[in-house]
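Numbering (this note's numbering), first residue to last: 318 to 475.
Note that the Cβ used here is the ideal one computed from N, Cα and C, for glycine as well.
This one's a predicted model, so the numbers in the text were calculated from it and none came from an experiment.
Okay, structure first, notes after.
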């Protein structure tokens, strides 16, 4: 519809999930970088960060600092990165991104208090990521049309 993006209607948006972006590297180099805790080198080769910095994806979104090792691909139940014949490069595929609007449509501020991985959960080849976000909204008069299925227009959290 003329380039309009439905999510732009909201004051705050949090995007969470397996975005499937990878680190561009070879496995041997990635293993060394993780072992030496040189995560910033891996982050510089992270496809999502590169595409965001070029303005190609998730325009206006932010991500908290990636201060934890890659969360994919593990051998299920173990703390070992992919030992299969494919030897996939460890990556941050699961992410939490957010954006907020300050201005004419309303005021919202989102800040990340914590962002990390849940290392105790080993039932998948991914380690889950978790974020604790604070969302501050400024109360305002809402002139949105009534959502009849909700019965109210005072507060809508989607």
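Residue range of the alpha helix (DSSP H) that includes residue i
i: residue 345; result: 344–352
i: residue 356; result: 356–361
i: residue 364; result: 364–370
Reduced DSSP secondary structure (H/G/I, E/B, other) of residue i
i: residue 330; result: strand
i: residue 325; result: helix
i: residue 341; result: coil
i: residue 377; result: coil
i: residue 473; result: Residue confidence is low: residue 473 scores 47 on pLDDT, short of 50, so the model does not pin down where it sits. Its coordinate-derived value is still stated next. Coil, per DSSP.
i: residue 335; result: strand
i: residue 464; result: Reliability fails at residue 464, whose pLDDT of 49 lies under 50, so the model's placement of it is uncertain and the value that follows must be treated cautiously. Strand.
Enclosing beta strand (DSSP E) for residue i [first to last residue]
i: residue 414; result: 411–417
In DSSP terms, what residue i is bridged to
i: residue 428; result: 451
i: residue 434; result: 446
i: residue 408; result: 389
Integer Cβ distance of residue i from residue j, believed to fall under 8 Å
i: residue 416; j: residue 378; result: 5 Å
i: residue 340; j: residue 382; result: That belief does not hold up - the Cβ atoms of residue 340 and residue 382 are roughly 16 Å apart, past 8 Å.
Worksheet item: Within the chosen definition, does the segment 358–376 reach the segment 426–442 through at least 3 CB pairs nearer than 8 Å?
Response: By the Cβ test, the segment 358–376 is not in contact with the segment 426–442, since fewer than three Cβ pairs between them sit closer than 8 Å.
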